[in-house]
Amino acid sequence: MKDRKILNEILSNTINELNLNDKKANIKIKIKPLKRKIASISLTNKTIYINKNILPYLSDEEIRFILAHELLHLKYGKYHINEFEEELLFLFPNKEAILINLINKLHQKK
499 MKDRKILNEI
509 LSNTINELNL
519 NDKKANIKIK
529 IKPLKRKIAS
539 ISLTNKTIYI
549 NKNILPYLSD
559 EEIRFILAHE
569 LLHLKYGKYH
579 INEFEEELLF
589 LFPNKEAILI
599 NLINKLHQKK
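Structure representation (structure tokens):
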């Protein structure tokens, strides 16, 4: 399992990259089993949930991608509007490769 300190460092760095510092103090990470998702965010209580069953197999870059994706929902809302996708692609030019790896890992751990 990834050390909570590492997760919080990646979260803090990603918050800075996305210029979400005004929301930084309120964002929490919770690790729990999720049936069909790698991660999700509650926009109401600003909590990111990461799938406990897949977390040990994720690289730091994959965790950064997941956190950025969920934080962009906090920034832009529920839907993947153009600005959401453009910002994610700017941070991760190899976005498609990361997504394929994440999907493969999720299916292997079911």
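Okay, so the sequence shown: first residue is 499 according to the working numbering, each after it adds one.
Even for Gly, the Cβ is constructed at its ideal location relative to N, Cα and C.
As the structure is a computational prediction, the values presented were derived from the model and not from experiment.
> Bridge partners of THR545, per DSSP?
Replying inline: LYS526, SER540
>> Can you confirm whether the region 596-603 touches the region 548-560 when touching is taken to mean that 3 or more C-beta pairs between the two stretches lie within less than 8 Å?
In response: yes
> CB LYS603 to CB TYR547, shorter than 8 Å?
Replying inline: no
> Taking one C-beta from the region 522-538 and one from the region 565-576 each time, how about it: are there three or more such pairs within less than 8 Å?
Replying inline: yes
> In or out: ILE504 buried (at least 16 other Cβ within 10 Å) or exposed?
Replying inline: exposed
>> Taking a contact to mean a Cβ-Cβ separation below 8 Å, would you say LEU516 touches LEU570 in this structure?
In response: One thing to note: LEU516 has its Cβ within 8 Å of the Cβ of LEU570.
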